[in-house]
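Numbering (the working numbering), first residue to last: 4 to 460.
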C-alpha cells in the first residue's frame, strides 16, 4: 500500500506537502523538510543580520542586562522547558529499546502433596526467556524517528522559552523606566503649578489677580496630583512583574529599581536580515517543522501495522525436584503474526496519521506567515517610532518656550491666566508624550528583535 494514496477529502491539502511518502521495500516513510515560499526581502526596509552579541546589549543598560541574566538563570518557565527535554529524551530511549532484544528471568519454589499420598515433594525452578521483534517493515524505526523529532522540538521549545522571557523582561523594564520618567515629570509639573498658585495668591492680595485665577491655579495643581497615583501603580506592577520573571522578591528588587535611570534607547539597528534568515532562526518555525517530521514518521508506524510481524523467542527452564531428578525444558523458534482482519482499525489509524501530517504541515505554514508578519509589523513600528521621537522632542522644546513666554506676558498683564495654565498643560502633555514615544520605540526594537530571532549571545 502506498502512503501517497490519501483519502479524497484530504487530497487537496496533501498536494501542497513537499514530502516524499513512497513505500519502499521495507515500508519506511521518507521525509523531506518543507521549504518556505517567502519573498526575497521584507516589504519594509530591514537592517542586515548581525552576530555581534545578544540583542538586548544594544540598549547599553547594565540594570537591564542584570535582570535578563538573572531571568535566564532562574525563570521557572525556562526550567519547565528543560524538564520537558528530559521527558522527550526518555521517549527516545523507550523507542530505541523497542528495537532491542528483550530478556526476562524468573524463579520459583514449591512444596506440597500433589497426589494426596502424604508424600511431600519439593521443587525449585528458574526461567530465562528472550525475544526479539525483527523490524522488517520499519515500524520501530519510524517510531524512533518520531521520538527523536519530538526531542529536538523540546530542545527548541527551551530556546523559545528563553526568547520569550528575555522579551518580557526587556519590555517590562522599558515600561518601568517610562513610569519613572512620567512620575518625575508629573512631580515637576506639580511643583511648577504650586509655584504658579503661590504667585497667583500673592497677586490676588495686591489686586492684580482675581479669585477665579486662584481657583483655576488650584484646579491645575489638583489635576496634576490626581494623575500621579495611576503612574505609581504602573511602576509598582512593573516591579512585581520583574520579580516574577526573575524569581526574585519584590522587597529586594524594588530598592534597586527605585534608584532611577534613563529610559532605555537602543544604540544600534536591530538584527534582521532576509526572510529566509528569519525562518531558519525562528524556534517556533523549527518546532513546527519538527512536529511535521514526527507526524510523517508516525505514518510509517501506522503503515507497518498492515504487514506481518516476525519475532524470535526462546526460553530455558531448569528444575530441581527433590528426589525426582533435574528435568530441564527449553524452547526456541520464530513466530509470525499476520494482520488478516482488524475490523478496519489499521486503515483508520493510517488515515488518522495522514490527517495529522496534513495538520502539522498547515501549522508550519501558519508559523512561517506569522513570522514574516511579526517582523514586518516590528520594522514598521520601529522605523516610525524613530520619526515620532524626533517630532516629540521638537514639540517639547517649543512647548517649554511657550510656557516661559506665557508666564512673562501674564505677569506683565499682557494676557490672562488661562493662557499660562493652557501652556503648562501643553508642556506636560508634550513631555509625557515624548516619554511614551521613547518607550514605544524601545518596545518596537524588542519586538522586531524577537520576531527576527536576533542573536541571544
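C-beta: ideal position from N, C-alpha, C; glycine also. Computed from a predicted model, the values in this text were never measured in an experiment.
Distance, residue j Cα to residue i Cα
{"i": "residue 140", "j": "residue 300", "result": "13 Å"}
{"i": "residue 267", "j": "residue 369", "result": "33 Å"}
{"i": "residue 24", "j": "residue 35", "result": "Summary for residue 24: the model assigns pLDDT 39, below 50, so the residue's position carries little reliability; its value from the coordinates is reported in the next sentence. Approximately 9 Å between the Cα atoms of the pair."}
{"i": "residue 7", "j": "residue 33", "result": "Because residue 7 carries a pLDDT of 40, less than 50, the predicted location of this residue cannot be relied on, and the following value inherits that uncertainty. When rounded, the distance between both Cα atoms is 11 Å."}
{"i": "residue 57", "j": "residue 444", "result": "19 Å"}
{"i": "residue 96", "j": "residue 106", "result": "17 Å"}
{"i": "residue 196", "j": "residue 220", "result": "7 Å"}
{"i": "residue 356", "j": "residue 260", "result": "53 Å"}
{"i": "residue 227", "j": "residue 54", "result": "46 Å"}
{"i": "residue 111", "j": "residue 337", "result": "27 Å"}
{"i": "residue 224", "j": "residue 212", "result": "17 Å"}
{"i": "residue 222", "j": "residue 65", "result": "41 Å"}
{"i": "residue 74", "j": "residue 248", "result": "6 Å"}
{"i": "residue 314", "j": "residue 458", "result": "50 Å"}
{"i": "residue 255", "j": "residue 183", "result": "18 Å"}
{"i": "residue 452", "j": "residue 274", "result": "6 Å"}
{"i": "residue 380", "j": "residue 206", "result": "54 Å"}
{"i": "residue 214", "j": "residue 204", "result": "9 Å"}
{"i": "residue 413", "j": "residue 194", "result": "19 Å"}
{"i": "residue 311", "j": "residue 347", "result": "16 Å"}
{"i": "residue 152", "j": "residue 158", "result": "10 Å"}
{"i": "residue 399", "j": "residue 428", "result": "12 Å"}
{"i": "residue 27", "j": "residue 376", "result": "With a pLDDT of 39 at residue 27, under the threshold of 50, the modelled position of that residue is not reliable, and no figure is offered here."}
{"i": "residue 454", "j": "residue 70", "result": "21 Å"}
{"i": "residue 371", "j": "residue 59", "result": "24 Å"}
{"i": "residue 170", "j": "residue 98", "result": "36 Å"}
{"i": "residue 47", "j": "residue 388", "result": "14 Å"}
{"i": "residue 296", "j": "residue 331", "result": "50 Å"}
{"i": "residue 367", "j": "residue 39", "result": "9 Å"}
Under the three-state DSSP convention, the category residue i falls into
{"i": "residue 368", "result": "helix"}
{"i": "residue 47", "result": "coil"}
{"i": "residue 193", "result": "helix"}
{"i": "residue 26", "result": "Any reading at residue 26 must be qualified, since the residue scores a pLDDT of 39, below 50, and its modelled position is unreliable; the value itself is stated next. Of the three classes helix, strand and coil, the one that applies to residue 26 here is coil, per DSSP."}
{"i": "residue 451", "result": "helix"}
{"i": "residue 338", "result": "strand"}
{"i": "residue 346", "result": "coil"}
{"i": "residue 34", "result": "coil"}
{"i": "residue 239", "result": "helix"}
{"i": "residue 280", "result": "helix"}
{"i": "residue 249", "result": "coil"}
{"i": "residue 41", "result": "coil"}
{"i": "residue 458", "result": "coil"}
{"i": "residue 78", "result": "coil"}
{"i": "residue 275", "result": "coil"}
{"i": "residue 427", "result": "helix"}
{"i": "residue 417", "result": "coil"}
{"i": "residue 55", "result": "coil"}
{"i": "residue 269", "result": "coil"}
{"i": "residue 434", "result": "helix"}
{"i": "residue 262", "result": "coil"}
{"i": "residue 446", "result": "helix"}
Cβ neighbours of residue i in the same chain (closer than 6 Å, five flanking residues each side left out)
{"i": "residue 349", "result": "308 and 309"}
{"i": "residue 269", "result": "61, 62 and 448"}
{"i": "residue 403", "result": "430"}
{"i": "residue 460", "result": "57"}
{"i": "residue 436", "result": "395"}
{"i": "residue 174", "result": "446 and 449"}
{"i": "residue 271", "result": "61"}
{"i": "residue 94", "result": "150"}
{"i": "residue 178", "result": "241"}
Identified DSSP bridge partners for residue i
{"i": "residue 333", "result": "319"}
{"i": "residue 175", "result": "Looking at the DSSP assignment, residue 175 forms no beta bridge with any residue, so it has no partner."}
Cβ shell of residue i (< 8 Å), same chain only, five flanking positions each side left out
{"i": "residue 456", "result": "166, 281, 284, 285 and 286"}
{"i": "residue 304", "result": "142, 145, 146, 149 and 356"}
{"i": "residue 44", "result": "277 and 278"}
{"i": "residue 352", "result": "305 and 308"}
{"i": "residue 253", "result": "242, 243 and 246"}
Residues near residue i in its chain [Cβ-Cβ closer than 7 Å; skip 5 each side]
{"i": "residue 362", "result": "none"}
{"i": "residue 22", "result": "Only weak support exists for where residue 22 lies, its pLDDT of 38 falling under 50; the value from the coordinates is given anyway. Closer than 7 Å at the Cβ level, and outside the excluded window around residue 22, lie 34, 35 and 299."}
{"i": "residue 160", "result": "84, 87 and 290"}
Residue i: CB within 7 Å of a non-hydrogen atom of the ligand GDP
{"i": "residue 110", "result": "Ligands are entirely absent from the displayed structure, and the ligand GDP is therefore not among its contents."}
Within-8 Å CB hit, residue i to chain C
{"i": "residue 340", "result": "Among the protein chains of the structure shown there is no chain C, as only one such chain exists."}
Legend entry - Stretch-stretch touch, CB-based, cutoff 8 Å, three pairs: the segment 281–295 with the segment 88–102: no
Legend entry - the segment 66–80 / the segment 406–420 touching (three or more Cβ pairs under 8 Å): no
Inset, instruction - Spell out a yes or no on whether the segment 427–445 and the segment 385–395 are touching, meaning 3 or more CB-CB pairs, one atom from each, closer than 8 Å. - result: yes
Legend entry - Given 8 Å, three or more beta-carbon pairs between the segment 179–194 and the segment 224–242: yes
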